[in-house]
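Start counting the sequence shown at 1; every next residue gets the next number (my numbering).
For glycine and all other residues, C-beta sits at the position ideal for the given N, C-alpha and C.
Notes follow the structure.
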Amino acid sequence: MKIKKILIAGNYEEEFKKYLTVHLPQQFRFLSVEEITDEDLSWTDAYVGFKPSPNFHPSYFKWVHSFNAGVNNYLEIDGWDDQKVLLTRTVCSFGERISEYCLSFILRDLQYHEGFQRNKLEKKWEQKTPKMLRDQTIVIFGTGAIGQEVAKTFSLFGATVYGVSQSGASKPHFKEVADTASAPALVSKADWVISTLPLTTNTNKMFNKEFFHHLNGSFINVGRGATVDEEALIEALDTGKLHSAVLDVLETEPLPESSSLWSREDVIITPHISAVTEINEAIECFLETLRKLENNEPLPNQADTLKGY
């Protein structure tokens, strides 16, 4: 595929300068998302950015590259089924960042940080032996690049790590991978369930009342907020089926002040920071994808527009 004209959706011209010291044959146009006109879309072969412009439509392009790990905000726009448009996503340090995020909260729980801090404030000396990661069973929903990196991290500490995916195909670093239909058997023995899932028609509200019925542990969501039925999650916490939850993504972001999740001691909320995209990493991934595209090399970051990820 030959790409001659590239539209960068966002004011990133300064960030791009240090990467464009070697002349590239393509023409680049840098515009904020709000500035992009129909003429700009008609001009370009490729659209690159964090989000689509208000007038975005797949029919304009040969190639769309998302600066995000996920592509659901692009696929929310109709028209992909009728177009032969290449869609790629950013793959960089997301897996490492998410692994460290999950590890930090699980260790916080196993090492009783919160309880020891309360004891300190009360000047109370009470010994309690921390638990060990090697004794934990962790089930990761999503066995792609990010899920595999999370599995690798916990496996290195000796935890028993299972995976759940739509196909159930075996993947590195997992003791076993089950398909979604067989997931309840794994969930029932999990100390922790971690979701790295994208948002698709199949994953929307996947973590519902039926799911939490099988879980007798804790839940971390670093995938997409709308994969969780928040009412079902709250009910599971109230009944004790769910011990605690760490939520980096919510169905509505920012989380409304009226949400009861804010005041719950058994819920930790972070503002979608488990895998923040660094613009430099995003640019490097884009340029490497462009190089591979020009040389007809395989694209491991190509998204499947039918599957939604």
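Status (buried if at least 16 other CB within 10 Å, exposed otherwise) for residue i
| i | result |
| --- | --- |
| glycine 79 | exposed |
| proline 52 | buried |
| tryptophan 43 | exposed |
| proline 58 | buried |
| glutamine 127 | exposed |
| alanine 117 | According to the sequence as given, residue 117 is glutamine; it is not alanine. Exposed: under 16 other Cβ atoms inside 10 Å. |
| leucine 121 | exposed |
| alanine 303 | buried |
| threonine 37 | exposed |
| asparagine 296 | exposed |
Residue i versus residue j: straight-line alpha-carbon distance, rounded
| i | j | result |
| --- | --- | --- |
| lysine 84 | leucine 215 | 41 Å |
| leucine 156 | leucine 133 | 10 Å |
| proline 25 | aspartate 109 | 53 Å |
| alanine 178 | serine 195 | 14 Å |
| threonine 277 | phenylalanine 16 | 15 Å |
| threonine 289 | proline 254 | 32 Å |
| alanine 159 | lysine 152 | 10 Å |
| phenylalanine 286 | cysteine 92 | 10 Å |
| lysine 18 | phenylalanine 105 | 37 Å |
| leucine 233 | threonine 21 | 51 Å |
| aspartate 191 | alanine 236 | 15 Å |
| leucine 299 | serine 66 | 14 Å |
| glutamate 257 | glutamine 27 | 45 Å |
| tyrosine 12 | proline 54 | 19 Å |
| serine 167 | threonine 180 | 8 Å |
| isoleucine 220 | valine 246 | 5 Å |
| isoleucine 269 | histidine 23 | 45 Å |
| serine 32 | leucine 306 | 29 Å |
| tyrosine 162 | glycine 115 | 29 Å |
| valine 164 | phenylalanine 30 | 40 Å |
| glutamate 251 | glutamate 231 | 11 Å |
| glutamate 39 | isoleucine 6 | 13 Å |
| leucine 86 | asparagine 301 | 11 Å |
| arginine 264 | aspartate 238 | 10 Å |
| serine 182 | lysine 189 | 13 Å |
For residue i, the nearest candidate out of the options (CA to CA)
| i | options | result |
| --- | --- | --- |
| glutamate 35 | Leu242, Gly10, Tyr19 | Gly10 |
| glycine 70 | Pro298, Ala282, Leu287, Arg291 | Ala282 |
| glycine 240 | Gly217, Val222, Ser66, Leu20 | Gly217 |
| tyrosine 60 | Pro298, Asn280, Leu41 | Leu41 |
| phenylalanine 174 | Tyr12, Asn280, Thr143 | Thr143 |
| proline 184 | Phe207, Lys171, Leu197 | Phe207 |
| alanine 46 | Glu13, Ile8, Thr37 | Ile8 |
| glutamine 111 | Ser99, Gln136, Pro298, Ala303 | Gln136 |
| lysine 2 | Thr305, Ile138, Lys292 | Lys292 |
| valine 48 | Thr203, Glu96, Trp63 | Trp63 |
| threonine 201 | Gly147, Thr88, Gly308, Phe50 | Gly308 |
| glutamate 284 | Thr37, Asp38, Lys4, Asn68 | Asn68 |
| leucine 199 | Phe50, Leu75, Lys189 | Leu75 |
Opposing strand residues paired with residue i [DSSP bridges]
| i | result |
| --- | --- |
| lysine 51 | Its beta-bridge partners do not exist; DSSP assigns none. |
| serine 195 | Phe141, Asn221 |
| threonine 88 | His65, Gln302 |
| alanine 275 | Bridge partners of alanine 275: none, in fact. |
| lysine 5 | Gln27 |
| alanine 46 | Ile6, Trp63 |
Near the ligand GTP: residue i beta-carbon under 7 Å from a heavy atom
| i | result |
| --- | --- |
| valine 246 | No copy of the ligand GTP appears in this structure; indeed no ligand is present at all. |
Residue j beta carbon less than 8 Å from that of residue i
| i | j | result |
| --- | --- | --- |
| phenylalanine 211 | valine 249 | no |
| threonine 227 | lysine 209 | no |
| phenylalanine 56 | isoleucine 77 | yes |
| aspartate 266 | serine 244 | yes |
| leucine 197 | phenylalanine 141 | yes |
| valine 222 | serine 259 | no |
| glutamate 149 | glutamate 96 | yes |
| arginine 224 | asparagine 72 | yes |
| isoleucine 146 | isoleucine 98 | yes |
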